[in-house]
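Single-structure report; data block below.
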Amino acid sequence: MRIMLDGRYLPGNARVNRDLLITLRNIAKALKFGIRYDAQRELVLINSKDSSIPPLPSEHLADERTEDENARLAGKVICLDPGHGGSDPGALGPTGTTEKDNTLAIALSLKEKLEKNGATVVMTRDSDSEVVSAETSAAEDLSTRVDIANQSEVDLFISIHNDAFSSQTAAGTTTFHYGDKDSIKLANLVQQGLCEKLGTKNRGARFASLYVLRYTNMPSILIEIAFISNMVEEMLLSSVDGRDNAAESICDSILKYYKV
Ligand SMILES: [Zn+2]
1 MRIMLDGRYL PGNARVNRDL LITLRNIAKA LKFGIRYDAQ RELVLINSKD SSIPPLPSEH
61 LADERTEDEN ARLAGKVICL DPGHGGSDPG ALGPTGTTEK DNTLAIALSL KEKLEKNGAT
121 VVMTRDSDSE VVSAETSAAE DLSTRVDIAN QSEVDLFISI HNDAFSSQTA AGTTTFHYGD
181 KDSIKLANLV QQGLCEKLGT KNRGARFASL YVLRYTNMPS ILIEIAFISN MVEEMLLSSV
241 DGRDNAAESI CDSILKYYKV
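Counting along the sequence shown from 1, when you hit position 50 you're at 50 in the UniProt record's numbering, and nothing is skipped either side.
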């Protein structure tokens, strides 16, 4: 919630709270200031000159709203975990594309979008390399990913993968969680958003006892964006547009998660 005094934004963006609104209203009343709350924009408008007519938004509102939107994830730390990497390509597509490339590209695009909204992003890897080294076991690779998130005390952990199956007809998006309330909420939002944005079959937000979900201390999800083993979805996953749409959709869902 932002506060605008005489057409100018005050610094800060507090969580909407009924007690805070009542207190502000009482202060305004005592000072004979006009006050109005715009719930849709989560904005308190205060006019120090006129107690009866609240101020209209200034003509610079569009610019200032962008600024406001930029700070929607301020203070949030989000860990992005692009699956596989380096000597571990993950699943392979029919034309030879790799899961490790797709997951990294989507994660890097998502990082940029989250940072534009004010979030701090921690990556388990940000290049085509193993999280530890080529010699480490799969178990050690996973525990390192979890350690990075836990030690950085991030607010959300998001692991990005591609699905694969022996039959090329398998298709769609799946988002996994470990059953806690917040992870389920995030998984549902991400799952729905991706299916709408990418037009993929909705395989559901589901419980799974996956290592990176089980041992992370914060709400965490693992997204199987689409099937790399499916010809059509392989194209989606390896195209700039497909990757960007996936990232945009996940970013929107994270914004919704913090708003709902
Ligand atoms: Zn994978």
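Ideal Cβ placement from N, Cα and C applies to all residues, glycine included.
When rounded, the separation of the alpha-carbon atoms in G193 and P82 is 19 Å.
Exposed is the label assigned to I27, since fewer than 16 other Cβ atoms lie within 10 Å of its Cβ.
When rounded, the separation of the alpha-carbon atoms in L222 and F207 is 10 Å. Taking the Cβ of H177 as the reference point, every heavy atom of ligand 1 lies at 7 Å or farther away. DSSP places L43 in the strand class (E or B) of the three-state scheme.
By the Cβ rule, the region 79-97 does not count as touching the region 173-180, because fewer than three pairs are nearer than 8 Å. The shortest C-alpha to C-alpha distance from R18 to any of L10, G34 and V44 is the one to V44. Every unbroken stretch of the alpha helix (DSSP H) spanning 4 or more residues and falling wholly within the UniProt domain "MurNAc-LAA" (146-255) is given here in chain order: 181-198, 211-214 and 231-238. With a threshold of 7 Å, the Cβ atom of E130 does not count as near ligand 1, since no heavy atom of the ligand is closer than that.
Taking the CA atoms as reference points, H84 sits about 22 Å from E153.
In the structure shown, R72 falls within a coil segment according to DSSP collapsed to helix, strand and coil. Relative to the Cα of S143, the nearest Cα in the group K197, A164, V212 and D6 belongs to V212. Annotated three-state conformation of T120 is strand, per DSSP.
Three or more beta-carbon pairs separated by less than 8 Å link the region 112-119 to the region 71-81, which places the two stretches in contact. The three-state secondary structure of L110, taken from DSSP, is helix. Between N162 and N102, the gap from beta carbon to beta carbon is short of 8 Å.
Scanning its chain for C-beta atoms nearer than 6 Å, with the 5 sequence neighbours on each side dropped, one finds around F165 the residues S229, in chain order. Sequence-distant Cβ neighbours of F33 in its own chain, meaning closer than 7 Å and more than five residues away, are I46, N47, S48 and S51.
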